[in-house]
Amino acid sequence: MKSKKQSVGITPYEAVGVVCAQSIGEPGTQMTMRTFHYAGVAEHVPTGLPRLIEIVDAKKEPKKPVIDIHLKKSYAKSRTESERVAKEVASLFVEDVADVADDLEKLTISVTYNERDGKAQSITFATLKKALQQFSEDLKINGNEITIKLTSKKTKTGEKKVTAKSVRKLSQKVREALVRGVPGVYKAVVLRGNDEYFIRAGGSNIVGACENPAVDPSRVYTNNIKEIERVYGIEAARNAIVKEIKDVMDMQRLYVDIRHIMLIADAMTYCGSIKSIGRHGLSGEKIGVLGRAAFEETIKHLINASAFAEEESLVGVTENIIVGQTVPVGTGKIKLVMKRKR
Amino acid sequence: MVKRKKKTDTAIFLNGRIVGTHPDGKSLANRLRERRRMNELSNQVNIHYNEKLNELHILTDKGRVRRPYVVVENGKSRLTPEILARLKNNELTWHHLVKMGIIEYLDAQEEEDTLIAISENELTPEHTHLEVHSANIFGIVAGVLPYPEHNSSPRITMACAMAKQSLGVYSTNFNNRYDTRGYVMYYPQEPLVQTKIYKALNLREKAAGQNCIVALTSYHGYNMADAIVVNRSAVDRGLHRVAMFKTYETEERMYPGGQKDKIELPTPEVVGFRGEEAYRYLDEDGIIISESEVGGKDVLVGKTSPPRFLEEISVFGAVEEKKRESSLSLKSGEKGKVDSVLVTEGPSGNRLVKIRIRSVKTPEVGDKLASRHGQKGVIGLCAKQEDMPFTSSGIVPDLVVNPHAIPSRMTAGHLLETLGGKAGCIGGMLMDATAFSGNTEDEFKAILTKNGFNEHGEEILYDGLTGRKITVKIFMGAVYYQRLHHLVSNKMHVRSRGPVQLLTHQPTEGRAREGGLRFGEMERDCLIGYGGSMLIKERLLEESDKTVQLVCTDCGSLATHDHARNRDMCPICQSETVEPVEMSYAFKLLLDEIKSLCIFPRIMLKKKG
């Protein structure tokens, strides 16, 4: 009796990789260069072929990272609540609510609280002051102005002197110091979808976003696959790759069987970390010298192989074609054995 | 250096080089133009005033594309009715009009300063120029097309591209010319529906096409997807028949050492003699006789060359002349008749022989035809006239074109030409299809109804196979069709065996070398995806560059067969345990190249199990 699994399964030595590559590559040629326009942060997120290349190349960070933050049920229904959380999440810098000026003569930095901007962002003078405390313990306060005085520090190797250069450096840091929000998340927009409100923001910081009590930690998603791998692990990264590729294809209204995409994701993640497809990843790790030499950087591979006296065991497809043997796929690997009747 | 005295001064440029300044560039430009129109300046000078940059450009260089316009003053054309009348009486010519400043040529730069009216009735005081004729905006190539204003623009572009590929009479002195390749149509016709520009260019003298009776219907699936069914009897009567002329040439070359090629009848002593059979058409002088029918690799001009190396001293001490065969022969797969022979002198004073071969190219399945509306198609069937639909008066179409070719391409002009061609035939006149001003559909309808035809150009047809009346009326008319340069007989190519390359032992490439068709990387991928392992091996090894090489089982290097001692031997380790191994010649080459890089590849053999 044939089991369901047997009838559905792939036959041994079926060339799944080639079929997968062709099944994704062919519709890939039809991808339009047309970009779709969105309001807000998702506007410049690459779609189509550029995005596909980005995923498959396993880039450290996407060109435009985007994070979708879903809220706990009690918050998600209300627009005002969601907007409040969005404000809390989006990072706000000192320079957004205050004017920062450095005095190179006195070696001080003065931060002037801008009441109008502060009110608009509901940041009080006290919160601003709190944010500046990381730079110096004693802050001189004069009305709306906070002055940071730099003091020389004593280190093991000697005295670290305060110079005009270090003031300049610090003042830049002060400007970009976080007053509120999650680092790495910016431009939060409240959107509606699936009968609830959620926040879409630029950048990605899953851990930071989850710290907010209103955020549902089980429903935070980013298009930054490397970060998903870092936070949730390799299985989640695999699923993210599948979802991202599928989204690209769906957006162009191209249909590719999900199993082909899953195979790609599996190939990229099976070793425990994300590997790119190409010379620096999968193809560069083929066993055979000839197979690698046939793909890219022929001379490098041949020279290395000769330097280390490598042996070509002819297990791949390309290698066997070069040599002129049957290839170990399909009919090339299956052997028919007949039992003779006695 | 030229400096502006005031900031508002205009910089004057002559052919892009700054030459001076002027306080008021605009009025200077106008005055210069006035001078040009009064013939005080050459009419080849163009003036352009750039208001934004406050620059005046005077252009006199070569290579500017210019086109003529009628000059307009105060909303009135300078080409007045009086002048037109004098023109009609042949008192004036075009050149007079240019001299009189009625017509002037503008280049791309000066055109920027103008407002050009397309027709005279839209003139306003702002206009500076008027098109000579509204159809002029199409230019020369598109201006020849009928009813371009009824077609979609991509189809016009395609029609222009295809008109250049049409076969006709390329030059009226073709019979005295020895072009490498040339086609001449047997019975070219001028189109029934033509434009004013066509007439002005006098293209009827070099027509490239024929008026065909076209039925717009299907024919047993033989005209699907832009195929065309043609009437075989019409083809037999000479429809779209073309003669191809091809010139072969050879020269008596001089070699260092005072030796020379000789055009003669090669004798059997010559090295590489091809056998008496090959030279059967040659005259005593070694040159082929006119009007002999040649084919295959027949020799056209017998020629012998001196030996490549100066050795071969015979036993008797005398230098023996061993000549090489270097005759000129017809390319394989071609045939025809020798049209004419020309014996002359080459550029370096050598004797030069040119042979012109003529072959008739009758339209056949696979040849390309096109109307002047970007409607191209390939002949799908040469149907017998008896089997084709006919009208009650016995008219059988020359071509059957599929109606699916029309709607999505929006070439209404094609339909209008069909109707116009029909009306022209019946009315006995040529129709004008100039853009924006040609004969109208209503005029055609009037002619058709007056002569008792259906006003829409539809006909009741009878099926040629069954004799039954076809239940729908079918649109039929006369359309000017062109035969395009792409003839199957010049492209057809097959190979089952043939020559291989010297270096790689792989099949040669290209039709001219009787080559194979490349089974490329992507095709290979498809077979891998299919799992056809044996098929890949057959394509890439058996049918390509398979060799058997000897491999030493001891050291793994390629071994050789020692013919003197008649045994296999490894030249590296002297071992005689050698096995024959089947591999691709390309792989053997790879091993050789790696060896030349001082890397020693070893082949470790395993028993097949």
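For the record, the sequence lines run as chains A and B. Under the numbering used here, residues 2 to 343 are what the first sequence spells out, in order. Under the numbering used here, residues 2 to 610 are what the second sequence spells out, in order. Using N, Cα and C, we set each Cβ at its ideal position, and we do this for glycine too.
Label residue i either buried or exposed according to how many other C-beta atoms from any shown protein chain fall within 10 Å of its C-beta, with 16 as the threshold for buried.
i	result
A:I70	buried
B:R38	buried
B:D284	exposed
B:H415	buried
A:I292	Correcting the residue type first, residue 292 of chain A is Gly in the shown sequence and not Ile. A:G292 is buried by the Cβ-count criterion.
A:P66	buried
A:N225	buried
A:F309	exposed
A:K227	buried
A:Q31	exposed
B:G425	buried
B:M430	exposed
Report yes if the C-beta distance between residue i and residue j is below 8 Å; otherwise report no.
i	j	result
B:R352	B:V342	no
A:A91	A:K174	no
A:V257	A:P28	yes
B:L244	B:R359	In the sequence as presented, Leu is not what sits at residue 244 of chain B; that position holds Ala. Yes, the pair counts as a contact, with Cβ atoms nearer than the cut-off.
A:F94	A:E177	yes
B:S331	B:V295	Here residue 331 of chain B is Leu; the residue named in the question, Ser, does not match the sequence. Yes; because the gap between Cβ atoms is below 8 Å, this pair is in contact.
B:G465	B:F391	yes
B:D569	B:L542	no
A:I335	A:V316	no
A:I200	A:A16	no
B:A434	B:V71	no
B:V401	B:N224	yes
B:I600	A:S307	yes
B:K423	B:L449	yes
B:L29	B:L57	yes
B:G297	B:S328	no
B:S78	B:E121	yes
B:V501	B:N232	no
A:V191	A:R260	no
B:M584	B:T548	yes
B:A160	B:K197	no
B:Y482	B:A371	yes
B:R496	B:E510	no
A:I110	A:V46	no
Pop quiz: residue i and residue j are said to be a contact at Cβ under 8 Å. What is the actual Cβ separation, rounded to whole angstroms?
i	j	result
A:G119	A:T113	With 8 Å as the limit, A:G119 and A:T113 do not qualify as a contact, their Cβ atoms being about 11 Å apart.
B:G169	B:A201	In fact, because the Cβ distance is near 18 Å, the residues do not count as touching under 8 Å.
B:E132	B:I119	5 Å
B:V339	B:E418	Their Cβ separation, rounded to whole angstroms, is 41 Å, which puts B:V339 and B:E418 out of contact at 8 Å.
A:I265	A:I246	7 Å
B:Y1	B:Q166	Any question about residue 1 of chain B goes unanswered here, given that chain B covers just 2 to 610.
B:D526	A:V19	6 Å
B:A406	B:D227	6 Å
B:K355	B:T181	About 10 Å separates the two Cβ atoms, so there is no contact after all.
A:T270	A:R239	4 Å
B:M432	B:A216	The Cβ separation is near 20 Å, so there is no contact.
- Near-chain A residues of the segment 565-586 of chain B (beta-carbon distance less than 7 Å), N- to C-terminal order: E583, M584, S585
- Selection of the segment 514-531 of chain B by Cβ proximity to chain A, strictly under 8 Å: R525, D526, C527, I529, G530, Y531
- Query: Do the segment 561-568 of chain B and the segment 589-597 of chain B make contact, defined as three or more Cβ pairs closer than 8 Å?
  - Reply: no
- Using a Cβ-Cβ cut-off of less than 8 Å, give me the residues of the segment 528-555 of chain B that come near chain A, in sequence order. I529, G530, Y531, G532, G533, S534, M535, I537, K538, L541, L542, K547
- Item | Given 8 Å, three or more beta-carbon pairs between the segment 260-277 of chain A and the segment 49-64 of chain A | yes
- Item | Where the segment 349-360 of chain B meets chain A: residues whose CB sits under 8 Å from a CB there | none
- Message: Under 8 Å, CB to CB, which of the residues in the segment 322-338 of chain A have a partner in chain B?
- Response: I322, I323, V324, G325, Q326, T327, V328, P329, V330, G331, T332, G333, K334
- Can at least three beta-carbon pairs, one atom from the segment 81-97 of chain B and one from the segment 108-125 of chain B, be found at a separation below 8 Å? no
- Message: Using 8 Å as the cut-off, can you tell me whether the segment 371-382 of chain B makes contact with the segment 248-268 of chain B, which would need three or more C-beta pairs spanning the two stretches below that distance?
- Response: no
- Message: When you compare the segment 356-374 of chain B with the segment 220-237 of chain B, are there three or more beta-carbon pairs, one atom per stretch, that lie closer than 8 Å?
- Response: yes
- Item | Stretch pair the segment 210-218 of chain A + the segment 71-81 of chain A: three plus CB contacts closer than 8 Å | yes
- Task: Pull out every residue of the segment 5-16 of chain A whose Cβ sits closer than 9 Å to any Cβ of chain B, in chain order.
- Result: T12, Y14, E15, A16
- Message: Counting only Cβ-Cβ distances shorter than 7 Å, please list the residues of the segment 19-31 of chain A near chain B, keeping chain order.
- Response: V19, V20, Q23
- Query: Can at least three beta-carbon pairs, one atom from the segment 531-545 of chain B and one from the segment 326-343 of chain A, be found at a separation below 8 Å?
  - Reply: yes
- For the segment 273-291 of chain A, enumerate the residues whose C-beta is nearer than 7 Å to any C-beta of chain B, in chain order. none
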